[in-house]
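Each residue of the sequence shown is one higher than the one before, counting from 47 in this note's numbering. Worksheet: the structure to be examined is printed underneath.
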Amino acid sequence: MITPMKYITILCMKEDRDCVLSELQKCGEVMVCAPAELSRNAAPPVYDAASIETLIRELKRYEQKKPLFGSLPELDLAEFEQIGAEAEAVVEELQKLMDGVAADEAAFQAKTALREQLLPWETLDIPVEEIRETYYTFSILGEIPIRNLDLCRAVAEENGLGLDIISQSTSKVYVTVSYMKEETVAELSVAGFEKVTIPLVSGRIDENIKFLDAEIAQINKAKEEKKIRLMELSRSNAPKLIYEKYRVVNERNAAPVGETTMTAYVEGWVPADRTDTVEQAVAKVAGIYDISYRDPLPEEVPPTVLRNSHAVSQFEGITEMFTSPKYGEVDPNPVMAPWYWLIFGLMMGDAGYGFLMAVAVLILKKIMKPHGNTEKLMNVILYSSVTTTVCGILFGSYFGETWHPILFNPLDDPVKMLVLTLVVGGLHILTGMIVKAVLNVKAGHPWSALFDQFSWMLILIGAGLIFISRTRLVGIVLAAVGAGIVLLTAGRAKKGIFGKITGGLVGLYGVTNYMSDILSYSRILALSLATGVVGMVMNMLAGMVRGSVPVIGLLFALLIYAVGHVFNLALSLLSAYVHDCRLQYIEFYGKFFDGGGKMFKPFSIQTKYIQLKDHDNGGK
47 MITPMKYITI LCMKEDRDCV LSELQKCGEV MVCAPAELSR NAAPPVYDAA SIETLIRELK
107 RYEQKKPLFG SLPELDLAEF EQIGAEAEAV VEELQKLMDG VAADEAAFQA KTALREQLLP
167 WETLDIPVEE IRETYYTFSI LGEIPIRNLD LCRAVAEENG LGLDIISQST SKVYVTVSYM
227 KEETVAELSV AGFEKVTIPL VSGRIDENIK FLDAEIAQIN KAKEEKKIRL MELSRSNAPK
287 LIYEKYRVVN ERNAAPVGET TMTAYVEGWV PADRTDTVEQ AVAKVAGIYD ISYRDPLPEE
347 VPPTVLRNSH AVSQFEGITE MFTSPKYGEV DPNPVMAPWY WLIFGLMMGD AGYGFLMAVA
407 VLILKKIMKP HGNTEKLMNV ILYSSVTTTV CGILFGSYFG ETWHPILFNP LDDPVKMLVL
467 TLVVGGLHIL TGMIVKAVLN VKAGHPWSAL FDQFSWMLIL IGAGLIFISR TRLVGIVLAA
527 VGAGIVLLTA GRAKKGIFGK ITGGLVGLYG VTNYMSDILS YSRILALSLA TGVVGMVMNM
587 LAGMVRGSVP VIGLLFALLI YAVGHVFNLA LSLLSAYVHD CRLQYIEFYG KFFDGGGKMF
647 KPFSIQTKYI QLKDHDNGGK
């Protein structure tokens, strides 16, 4: 059911603004809209929530044990409001530790790079300061490609240059060159000689390397100590709590609130049955206030709030994937949910798979503790496991094996299954037409219901009865009456007798569309057969392997049986979900549902990393 909406205006003193917004956020019943003349710009964020979220992501590197299925920490609203100095202290320590690790890493990289620069000169037996200009000579350091060593020696000897090898690697030779001031080392360039400048160090190179090794070891020790502490604190929920607190405050601060000199006012949409809740929330914190309501204006499109039973509400996500119901339109979920439930079971049609679906979902719900759309999806699968099991019993299908079918087995009697699917399809489409007819009558268009829906209902029912020998005559009469109504009324909006006749003929041609719609339900047969055939093949393969080798064959057979049926179950689940949705969207919703609405998104405490107990975030 779509809930009636009211447009609300809340007026309070300016000093009560933040308290009123906080209470509105906690009760989560008002979708705040920007006033027509907003007198204040949205305030900048009070807290840097983005940096806290970055911290949360980076902390995942230090988590020692990551659960396969994680669940969100749970707090009640009172605990959430008490988040304060203790959690902030933990976050502050974490940020310092993360900054410290980053600084240590930078220092480690710098020291390591310097050590790598010095390492080739470790055996140099004089202090770096002595490699300098004297009264008569120059001394410099350099490197040459190892392949040019002999050439470099020859050039040095020819030009009277002193060449001493300090060390060499696989590709380079590191040398000192001494020469008189009147000489030059330019001739060495033919051998690929390049001058090397030692970084700003003093003393012997080997001593500097030892000192760097000690510094690097100290840096690594400090870094590891910080990482150990980070691993300990990574188990804390403090960053998540602080992030949620900061985000809530920032969202409240950015709310579109109008202001005058002394007052503040909030406008938006509220469900008509929740106005008392809003008034009670405002009255808690505002000494002077005024609340007014009005009905939606003709040109306004209020947001949509759905109120359905728990069972039906689990299927709302299926409709919302297609489109949201428009305010004032019929809520399709109460009518769609039973059909989706039934068709899903027919598509799966295996009692063994139905049992596994139920067990798997119950275990996952226990471990994951899902919320929101994830929980609804799991419940849809859980509910559908019931129809899957029932249909499996009726078809005698248990993990691809046939055992005492009550009705028939689709693999043995595919024609009967095809007839069943077409009957289900026809009833499904008729249901959509009935809904549209009722809507037309309620809207004051009974003739449209008669001409556009009732006529086709007669045709479809009559066409179905024609295939039964005892009701063939009745079916012909019903189909003929329905066709006559369509022929005479389908062109009623056209001008002129020719236009009306043409419109009637074109309208009657629409029978081909209905035939194709009904035939599309044959996918139920296809998916049922596919599930059964793949399951049967897995059983055959397991049986063949089991008989080949006494012990090992049994182990392989069990492996094939388990993996094969899990794979078939997963594939069948996905196929049933998708194709069932397709039948609802195209064949069913196309008969009465337009959609195009916008869902109610209240100003509320929306959390990402925690779950607030007993807080529905929107009053659903």
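Just so you know, even glycine gets a beta-carbon here, dropped at the ideal spot from N, CA and C.
Taken through DSSP and simplified to helix, strand or coil, residue 355 comes out as coil. The DSSP-derived three-state label of residue 340 is strand. With contacts defined as CB atoms closer than 8 Å, residue 537 and residue 528 fail to qualify as a contacting pair.
Straight-line spacing of the CA atoms in residue 405 and residue 284 works out to 35 Å. Per DSSP, the unbroken alpha helix (DSSP H) holding residue 441 starts and ends at 418 to 441.
Secondary structure at residue 231: coil, using DSSP grouped into helix, strand and coil. For the pair of segments examined, the stretch 391 to 402 was found not to touch the stretch 366 to 378: the number of CB pairs separated by less than 8 Å stays below three. DSSP, reduced to helix, strand and coil, places residue 297 within a helical segment of the structure shown.
Excluding its 5 nearest sequence neighbours in each direction, residue 411 has C-beta neighbours in its own chain below 7 Å: 424, listed in chain order. The beta carbon of residue 442 is closer than 6 Å to those of 448, 449, 450, 451, 455 in its chain, skipping five residues each way along the sequence. Between residue 99 and residue 289, the beta carbon gap of about 6 Å places them in contact (Cβ cut-off 8 Å).
Counting only runs of 4 or more residues that sit fully inside the stretch 543 to 586, the alpha helix (DSSP H) segments are 557 to 565, in chain order. Taking the CA atoms as reference points, residue 437 sits about 24 Å from residue 609. Collapsing the DSSP output to three states places residue 315 in a strand. A residue is called buried once 16 or more other Cβ atoms fall within 10 Å of its Cβ, and residue 158, having fewer, is exposed. Bridge partners of residue 224 according to DSSP: 185, 208. With contacts defined by Cβ atoms closer than 8 Å, residue 477 and residue 387 do not form a contacting pair.
The continuous beta strand (DSSP E) containing residue 240 extends over residues 240 to 242.
Cα atoms of residue 237 and residue 274: separation of roughly 52 Å, rounded to the nearest angstrom.
Within the same chain, Cβ atoms closer than 8 Å to the Cβ of residue 382 are found at 361, 364, 365, 630, 634, 635, the five residues on either side in sequence being excluded. Taking 8 Å as the cut-off, the Cβ atoms of residue 378 and residue 51 do not count as close. Following the DSSP letters along the chain, one finds residue 393 inside the alpha helix (DSSP H) bounded by residues 379 to 394. Annotation: residue 568 to residue 394 spans about 14 Å, alpha carbon to alpha carbon. Residue burial is scored here from C-beta neighbours: residue 611 has at least 16 other C-beta atoms within 10 angstroms and is therefore classed as buried. Residue pairing by DSSP places residue 48 opposite 352 in a beta bridge.
In the three-state reduction of the DSSP assignment, residue 166 falls in the helix class, which pools H, G and I. Listed in chain order, the non-local C-beta contacts of residue 262 below 8 Å within the same chain comprise 154, 157, 158, 161, local neighbours out to five positions each way being set aside. Taking residue 492 as the centre and dropping the five residues before and after it, the same chain places the C-beta of 486 closer than 8 Å to its C-beta, in chain order. Put simply, of 574, 190, 229 the residue whose alpha carbon is nearest the alpha carbon of residue 210 is 190. For the pair residue 317 and residue 287, the Cα-to-Cα distance works out to about 30 Å. Looking at the DSSP output, residue 56 sits in a beta bridge with 312, 337. Fully contained in the stretch 82 to 155 are the following alpha helix (DSSP H) runs of length 4 or more, in chain order: 95 to 105, 123 to 127.
Under the 10 Å beta carbon count, residue 308 is surrounded by fewer than 16 other beta carbons and is classified as exposed.
Residue 276 is a Cβ neighbour of residue 143, given a cutoff of 8 Å. Within the same chain, 57 come within 6 Å of residue 336 by CB-CB distance, once the 5 residues on both sides are set aside. 296 is the residue among 434, 296, 183 whose C-alpha sits nearest the C-alpha of residue 93.
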